[in-house]
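Engineer: Chains A and B supply the protein sequences, listed in that same order. In this text, residue positions in the first sequence follow our numbering: the first is 1, and each later residue adds one. In this text, residue positions in the second sequence follow our numbering: the first is 1, and each later residue adds one. Positions of the beta carbon are idealized from the N, C-alpha and C atoms, including for glycine.
There are 2 protein chains.
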Amino acid sequence: MTTGERSRDAALRERARRVVPGGMTGHLHAALLPPGYPQFFASGSGCRVVDVDGREFLDFMCAWGPNVLGYRHPEVEAAAARQQALGDCLNGPSPWMVELAERLVDTVAHADWAMFQKNGTDATTVALMIARAATGRRKVIVARRSYHGAAPWCTPVPAGTTAEDRAHRVEITYNDIDGLESAFERVSGDLAAILVTPHRHELGTEQQPVDPAFARRIRALCDRAGAALVLDEVRTGLRIDLAGSWKPLGIRPDLSAWSKAIANGHALAAVTGIDALRDAATRIFTTGSFWCGAVAMAAGVATLEIALREGLVAHLDRVGRRLREGLATQSASHGVPVRQSGPVQMPLVLFEDDPDFAKGTLFCAEALAHGAYLHPRHNMFLSLAHTEADIDRALAATDRAFAAVAARFGRAVARQEA
Amino acid sequence: MTTGERSRDAALRERARRVVPGGMTGHLHAALLPPGYPQFFASGSGCRVVDVDGREFLDFMCAWGPNVLGYRHPEVEAAAARQQALGDCLNGPSPWMVELAERLVDTVAHADWAMFQKNGTDATTVALMIARAATGRRKVIVARRSYHGAAPWCTPVPAGTTAEDRAHRVEITYNDIDGLESAFERVSGDLAAILVTPHRHELGTEQQPVDPAFARRIRALCDRAGAALVLDEVRTGLRIDLAGSWKPLGIRPDLSAWSKAIANGHALAAVTGIDALRDAATRIFTTGSFWCGAVAMAAGVATLEIALREGLVAHLDRVGRRLREGLATQSASHGVPVRQSGPVQMPLVLFEDDPDFAKGTLFCAEALAHGAYLHPRHNMFLSLAHTEADIDRALAATDRAFAAVAARFGRAVARQEA
Numbered sequence: 001m002t003t004g005e006r007s008r009d010a011a012l013r014e015r016a017r018r019v020v021p022g023g024m025t026g027h028l029h030a031a032l033l034p035p036g037y038p039q040f041f042a043s044g045s046g047c048r049v050v051d052v053d054g055r056e057f058l059d060f061m062c063a064w065g066p067n068v069l070g071y072r073h074p075e076v077e078a079a080a081a082r083q084q085a086l087g088d089c090l091n092g093p094s095p096w097m098v099e100l101a102e103r104l105v106d107t108v109a110h111a112d113w114a115m116f117q118k119n120g121t122d123a124t125t126v127a128l129m130i131a132r133a134a135t136g137r138r139k140v141i142v143a144r145r146s147y148h149g150a151a152p153w154c155t156p157v158p159a160g161t162t163a164e165d166r167a168h169r170v171e172i173t174y175n176d177i178d179g180l181e182s183a184f185e186r187v188s189g190d191l192a193a194i195l196v197t198p199h200r201h202e203l204g205t206e207q208q209p210v211d212p213a214f215a216r217r218i219r220a221l222c223d224r225a226g227a228a229l230v231l232d233e234v235r236t237g238l239r240i241d242l243a244g245s246w247k248p249l250g251i252r253p254d255l256s257a258w259s260k261a262i263a264n265g266h267a268l269a270a271v272t273g274i275d276a277l278r279d280a281a282t283r284i285f286t287t288g289s290f291w292c293g294a295v296a297m298a299a300g301v302a303t304l305e306i307a308l309r310e311g312l313v314a315h316l317d318r319v320g321r322r323l324r325e326g327l328a329t330q331s332a333s334h335g336v337p338v339r340q341s342g343p344v345q346m347p348l349v350l351f352e353d354d355p356d357f358a359k360g361t362l363f364c365a366e367a368l369a370h371g372a373y374l375h376p377r378h379n380m381f382l383s384l385a386h387t388e389a390d391i392d393r394a395l396a397a398t399d400r401a402f403a404a405v406a407a408r409f410g411r412a413v414a415r416q417e418a
Numbered sequence: 001m002t003t004g005e006r007s008r009d010a011a012l013r014e015r016a017r018r019v020v021p022g023g024m025t026g027h028l029h030a031a032l033l034p035p036g037y038p039q040f041f042a043s044g045s046g047c048r049v050v051d052v053d054g055r056e057f058l059d060f061m062c063a064w065g066p067n068v069l070g071y072r073h074p075e076v077e078a079a080a081a082r083q084q085a086l087g088d089c090l091n092g093p094s095p096w097m098v099e100l101a102e103r104l105v106d107t108v109a110h111a112d113w114a115m116f117q118k119n120g121t122d123a124t125t126v127a128l129m130i131a132r133a134a135t136g137r138r139k140v141i142v143a144r145r146s147y148h149g150a151a152p153w154c155t156p157v158p159a160g161t162t163a164e165d166r167a168h169r170v171e172i173t174y175n176d177i178d179g180l181e182s183a184f185e186r187v188s189g190d191l192a193a194i195l196v197t198p199h200r201h202e203l204g205t206e207q208q209p210v211d212p213a214f215a216r217r218i219r220a221l222c223d224r225a226g227a228a229l230v231l232d233e234v235r236t237g238l239r240i241d242l243a244g245s246w247k248p249l250g251i252r253p254d255l256s257a258w259s260k261a262i263a264n265g266h267a268l269a270a271v272t273g274i275d276a277l278r279d280a281a282t283r284i285f286t287t288g289s290f291w292c293g294a295v296a297m298a299a300g301v302a303t304l305e306i307a308l309r310e311g312l313v314a315h316l317d318r319v320g321r322r323l324r325e326g327l328a329t330q331s332a333s334h335g336v337p338v339r340q341s342g343p344v345q346m347p348l349v350l351f352e353d354d355p356d357f358a359k360g361t362l363f364c365a366e367a368l369a370h371g372a373y374l375h376p377r378h379n380m381f382l383s384l385a386h387t388e389a390d391i392d393r394a395l396a397a398t399d400r401a402f403a404a405v406a407a408r409f410g411r412a413v414a415r416q417e418a
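1. Grab the span of the beta strand (DSSP E) containing isoleucine 172 (chain B) for me, first residue to last.
2. What are the residues of the segment 138 to 172 of chain B that lie near chain A, defined by any Cβ-Cβ distance shorter than 8 Å?
3. Can you tell me which residues form a DSSP beta bridge with aspartate 59 (chain B)?
4. Please confirm whether leucine 58 (chain A) has its beta-carbon closer than 9 Å to some beta-carbon of chain B.
5. Residues of the segment 113 to 125 of chain B in Cβ contact with chain A at a cutoff of 9 Å, in chain order, please.
6. Suppose you measure from the CA of proline 343 (chain A) to the CA of threonine 398 (chain A); what does that come to, to the nearest Å?
7. Is there a Cβ of chain B sitting closer than 9 Å to that of arginine 72 (chain A), yes or no?
8. Please confirm whether alanine 215 (chain A) and isoleucine 240 (chain A) have their CB atoms less than 9 Å apart.
9. Going by the CB atoms, is the gap between proline 248 (chain B) and histidine 110 (chain B) shorter than 9 Å?
10. Taking 9 Å as the threshold (beta carbon to beta carbon), is serine 43 (chain A) in contact with chain B?
11. Give me, in chain order, the residues of the same chain whose beta-carbon lies closer than 6 Å to that of arginine 415 (chain B); leave out the 5 immediate sequence neighbours on both sides.
12. Hey, which unbroken runs of the alpha helix (DSSP H) at 4 residues or more fall wholly within the segment 132 to 208 of chain B?
13. Is the CB of arginine 377 (chain B) under 9 Å away from at least one CB in chain A?
14. Taking phenylalanine 351 (chain A) as part of the beta strand (DSSP E), name the residues at either end of that continuous run.
15. State the Cα-Cα distance for the pair serine 188 (chain B) and glutamine 207 (chain B), rounded to the nearest angstrom.
16. By the criterion of Cβ-Cβ separation under 7 Å, what are the contact partners of tryptophan 291 (chain A) in chain B?
17. Answer with yes or no whether the minimum CB distance from isoleucine 259 (chain A) to chain B is below 9 Å.
18. Please list the residues of the segment 346 to 371 of chain A that have a C-beta atom closer than 9 Å to any C-beta atom in chain E, keeping them in chain order.
19. I think phenylalanine 381 (chain B) touches phenylalanine 116 (chain B), with their Cβ atoms under 8 Å apart; what is that distance to the nearest whole Å?
20. Under three-state DSSP, which class holds arginine 252 (chain B)?
21. Whose C-beta lies closer than 7 Å to the C-beta of histidine 27 (chain A) among residues of the same chain, with five residues either side of it excluded?
22. Inspect the beta-carbon positions of isoleucine 141 (chain A) and alanine 183 (chain A) and report whether they are closer than 9 Å.
23. Residue range of the alpha helix (DSSP H) that valine 301 (chain B) falls in?
24. Kindly list the residues whose CB is nearer than 7 Å to the CB of alanine 151 (chain B), restricted to its own chain and excluding five residues on each side of it in sequence; keep chain order.
25. When the Cα atoms are used, what is the spatial distance from phenylalanine 351 (chain B) to alanine 101 (chain B)?
26. Let me confirm a value: threonine 236 (chain A) is counted as buried when at least 16 other C-beta atoms fall within 10 Å, else exposed. Which label applies?
27. Does the beta carbon of serine 94 (chain A) come closer than 9 Å to any beta carbon on chain B?
28. Which of the residues in the segment 184 to 196 of chain B, read from start to end, lie with their CB under 7 Å from any CB of chain A?
29. Going by DSSP, name the residue or residues bridged to tyrosine 71 (chain A).
30. Looking at C-alpha atoms only, which residue of B:Gln340, B:Phe290, B:Glu325, B:Thr329 is the closest neighbour of cysteine 89 (chain B)?
31. According to the neighbour-count rule (16 or more other Cβ atoms, all chains shown, within 10 Å of its Cβ), is arginine 144 (chain A) buried or exposed?
32. Does the CB of tyrosine 373 (chain B) have a neighbour CB from chain A at under 9 Å?
33. Which class does serine 333 (chain A) belong to by DSSP, given the choice of helix, strand or coil?
34. For isoleucine 130 (chain B), go through chain A and note every residue whose CB falls closer than 8 Å to its CB, in chain order.
35. Output the boundary residues of the alpha helix (DSSP H) element that contains arginine 393 (chain A).
36. Is the segment 304 to 321 of chain A touching the segment 382 to 391 of chain A in the sense that three or more CB pairs, one from each, lie closer than 8 Å?
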């Protein structure tokens with residue numbers, strides 16, 4: 001534990017405890033992280049973050065997703081600053097809204113149109129409203145434990161919600177085709193949408209690719225019922241395929257929800273959809289004071305441009321693969337078995353025989369002490385700013401971390417030999 | 001109608017029609033405004049906005065509320081730019097979160113703590129979740145037609161929502177104490193909250209001050225039931241009283257929802273609350289990718305500082321009063337009776353005998369043609385950037401607009417003599 005009594009982080013936590021419930025709220029609460037992790041940050045640049053005590057870390061979270069080009073990408077920031085010097089929140093949108101909608105329509109395979117919000121939760125909620133308005137039906141099939149946001153209808157914690165908030169959720173298990181079929185049979189007459197993440201990426205659980213047969217079945221059932229297939233791309237967007245994460249499968253969603261990375265850290269969300277749902281999208285009323293903010297949209301246009309020009313996905317794949325292979329080698333050499341899962345662009349490292357994440361916690365705490373900011377239970381995120389040299393530097397930290405896990409928990413010789 | 005075929009605005013609308021449902025969504029849709037109003041904006045500065053065709057307007061909307069210090073207030077923008085140069089969306093909050101929470105606790109009379117979001121709707125939703133978590137109850141009493149956001153539980157348009165989204169809303173009429181009492185009797189055993197705006201400010205309806213007896217009754221009923229009094233300050237915040245809009249009445253809310261003006265146009269929302277609700281606020285789980293963004297919080301601290309230092313509310317009152325008096329004089333001299341309502345900081349001008357807003361529409365279209373951007377049905381907003389000279393310039397435009405209304409609809413001689 002490095003944040004001693006007199007660190008700035010500790011002092012800020014003490015002040016925060018008085019004026020913020022629990023000292024912090026939401027997914028960035030440091031209490032959810034191993035000891036030694038800072039709560040408060042001073043700055044970020046490229047693939048590095050600096051905490052308020054001046055400690056610099058090689059970052060593998062991208063602020064839980066948004067900074068896919070790296071913190072403060074110069075070209076994005078220049079575009080944002082140019083618009084900020086003119087105005088942000090005005091009496092209507094700027095031309096950037098049209099520009100960005102056009103770029104999304106050009107880039108995202110299924111998209112005939114786009115509309116904009118601020119939070120990922122806004123985007124999933126708006127998509128569901130559009131599906132309900134279009135169909136006049138109520139039910140939404142979702143995978144149990146899939147994260148679709150933190151509004152009452154979808155937050156993973158029931159406190160403060162009512163049964164009615166979730167009355168029309170029909171839960172299935174991700175990739176379970178029989179379960180999907182039987183849920184569909186129960187509610188098909190009232191089915192508005194099937195809402196699904198492109199792959200399974202739940203907190204603390206191995207990521208799973210989507211079974212293509214499951215994805216195809218979702219598409220077929222939506223077609224049969226006239227329901228909307230809503231793809232939740234909030235976390236995956238711009239990382240798997242710029243045309244949409246199910247493009248490689250050849251499966252077209254009717255609506256997609258985007259946020260996090262689409263403006264490289266500037267607050268923005270979007271829903272893209274097909275022509276058949278355009279009318280329904282005009283009939284719902286959702287809005288927000290800042291949804292037309294010009295700066296985030298200028299940043300979004302720059303982000304898409306850079307992503308296309310620089311081959312973002314291929315880069316993430318390359319550095320992600322290097323990280324995965326390096327970790328696999330270290331895992332074997334230290335005799336500390338891990339399960340690496342998910343697309344290499346969104347790595348998750350879980351330890352074998354680690355039900356309480358004690359190994360993962362020690363591993364991350366040690367890696368942090370050696371300069372790499374990892375997460376023990378949530379998938380991590382690579383960025384365009386990560387170079388192969390950065391990956392190698394991070395691997396130097398994880399090598400020490402594996403050694404610490406081996407020293408504390410022993411080498412898993414039997415398992416290695418099995 | 002000044003946006004001809006070849007204007008930039010018309011060209012952007014044409015492009016937008018292809019890639020955005022309805023060409024635009026939400027409350028900034030120009031279709032909701034009189035002819036001649038631009039849809040797209042290039043810039044804003046002080047109390048002026050410039051559309052994409054280079055037309056400059058004296059603005060009385062502040063982007064529907066946010067820019068309470070004027071567009072691009074230099075000190076706010078400098079604070080934002082300094083933080084933007086360090087980083088915005090990081091792996092945790094910056095020290096600005098603590099600083100801003102402390103300032104809110106110091107400034108807002110009832111506040112023992114604060115937590116932050118992005119949209120006004122986030123703030124009202126989070127407040128309701130806290131009330132439900134604290135009480136273990138479900139019902140919320142709201143005034144019919146009061147706007148509390150655009151999520152399924154509160155959007156004014158039912159398309160895309162389900163009956164269950166609104167199952168626990170109990171609607172009363174604003175300022176109707178008997179109706180409040182009888183609603184309370186029906187649901188008191190299950191009452192989580194009474195959610196109310198500081199005064200009545202519904203679209204297209206005269207604003208009404210809160211009846212102090214109504215406000216006191218709400219407080220008393222919440223106390224009796226152990227329910228939370230939630231004040232929706234999203235629109236009023238920083239305009240009526242920096243300590244909270246019911247501070248002058250001596251009535252303390254348990255929770256307040258803030259957004260719009262609190263960071264002078266930077267996307268931010270907040271909930272403030274009392275100690276007794278602190279624990280409940282830690283038990284709900286709501287969050288957003290950008291909720292800890294450091295830039296908006298730095299802007300928020302600067303905004304509060306300037307508001308206190310410059311006597312923001314007194315300024316808004318002074319220029320608002322000048323506008324109201326000027327309009328009253330013009331109304332009388334042109335023989336065109338109007339009803340002006342609301343706090344002078346948030347003016348609303350409705351015309352007598354104008355059920356379809358034809359007079360209001362002509363009035364605003366004419367004022368716009370002479371350089372003043374008004375709204376015929378929504379309350380308007382003054383800012384710190386409005387000088388007395390700006391008000392006088394706007395009054396020159398409204399004088400022409402009154403003349404146009406008198407010319408088209410005639411002088412209301414009878415009414416004037418009555």
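Structural biologist: Result, derived from the coordinates:
1. The continuous beta strand (DSSP E) containing isoleucine 172 (chain B) extends over residues 169 to 172.
2. From the segment 138 to 172 of chain B, only Arg138, Ala150, Ala151, Pro152, Trp153, Thr155, Pro156, Val157, Ala159, Gly160, Thr161, Thr162, Glu164, Asp165, Ala167, His168 have a Cβ closer than 8 Å to chain A.
3. Residue pairing by DSSP puts aspartate 59 (chain B) in a beta bridge opposite B:Tyr373.
4. Not one chain B Cβ lies under 9 Å of leucine 58 (chain A).
5. The segment 113 to 125 of chain B vs chain A, Cβ under 9 Å: Trp113, Ala114, Met115, Phe116, Gln117, Lys118, Asn119, Gly120, Thr121, Asp122, Thr125.
6. Rounded to whole angstroms, proline 343 (chain A) to threonine 398 (chain A) spans 20 Å at the Cα level.
7. Answer yes: the Cβ-Cβ gap between arginine 72 (chain A) and chain B drops below 9 Å somewhere.
8. Between alanine 215 (chain A) and isoleucine 240 (chain A), the gap from beta carbon to beta carbon reaches 9 Å or more.
9. No, they are not a contact pair.
10. The beta carbon of serine 43 (chain A) sits closer than 9 Å to some beta carbon of chain B.
11. Bear in mind that the predicted position of arginine 415 (chain B) carries a pLDDT of just 49, short of 50, making it unreliable; the figure below should be weighed with that in mind. Pro337, listed in sequence order.
12. Within the segment 132 to 208 of chain B, the complete alpha helix (DSSP H) segments at least 4 residues long are 177 to 187, listed from N- to C-terminus.
13. No - not a single Cβ of chain A is within 9 Å of the one on arginine 377 (chain B).
14. For phenylalanine 351 (chain A), the enclosing beta strand (DSSP E) stretches over residues 348 to 351.
15. Spanning the two alpha carbons is a distance of roughly 29 Å.
16. Those are Gly26, listed as they occur along chain B.
17. Residue identity differs from the one stated: residue 259 (chain A) is serine in this sequence, not isoleucine. Taking 9 Å as the CB threshold, serine 259 (chain A) lines the interface with chain B.
18. No chain E appears in the structure shown, which is made up of the protein chains A and B.
19. About 22 Å separates the two Cβ atoms, so there is no contact after all.
20. Under the three-state reduction of DSSP output, arginine 252 (chain B) falls in the coil class, being neither helix nor strand.
21. Correct list, in chain order: Trp64.
22. Yes, these two residues count as a Cβ contact at 9 Å.
23. For valine 301 (chain B), the enclosing alpha helix (DSSP H) starts and ends at 294 to 309.
24. Cβ within range, chain order: Thr121, Thr125.
25. So the two alpha carbons sit approximately 42 Å from each other.
26. By the 10 Å Cβ count, threonine 236 (chain A) comes out buried.
27. Chain B, which has a Cβ nearer than 9 Å to the Cβ of serine 94 (chain A), makes this yes.
28. Correct list: empty, as no residue qualifies.
29. Tyrosine 71 (chain A) pairs with A:Gly46.
30. The residue with the shortest Cα to Cα distance from cysteine 89 (chain B) is B:Phe290.
31. Residue burial is scored here from C-beta neighbours: arginine 144 (chain A) has fewer than 16 other C-beta atoms within 10 angstroms and is therefore classed as exposed.
32. Yes, tyrosine 373 (chain B) lies at the interface with chain A (some Cβ there is under 9 Å from its Cβ).
33. Collapsing the DSSP output to three states places serine 333 (chain A) in a helix.
34. Chain-order list of chain A residues neighbouring isoleucine 130 (chain B): Gly160, by C-beta distance under 8 Å.
35. Unbroken alpha helix (DSSP H) run through arginine 393 (chain A): 388 to 409.
36. When Cβ pairs closer than 8 Å are counted between the two stretches, the segment 382 to 391 of chain A is seen to touch the segment 304 to 321 of chain A, the count reaching three or more.
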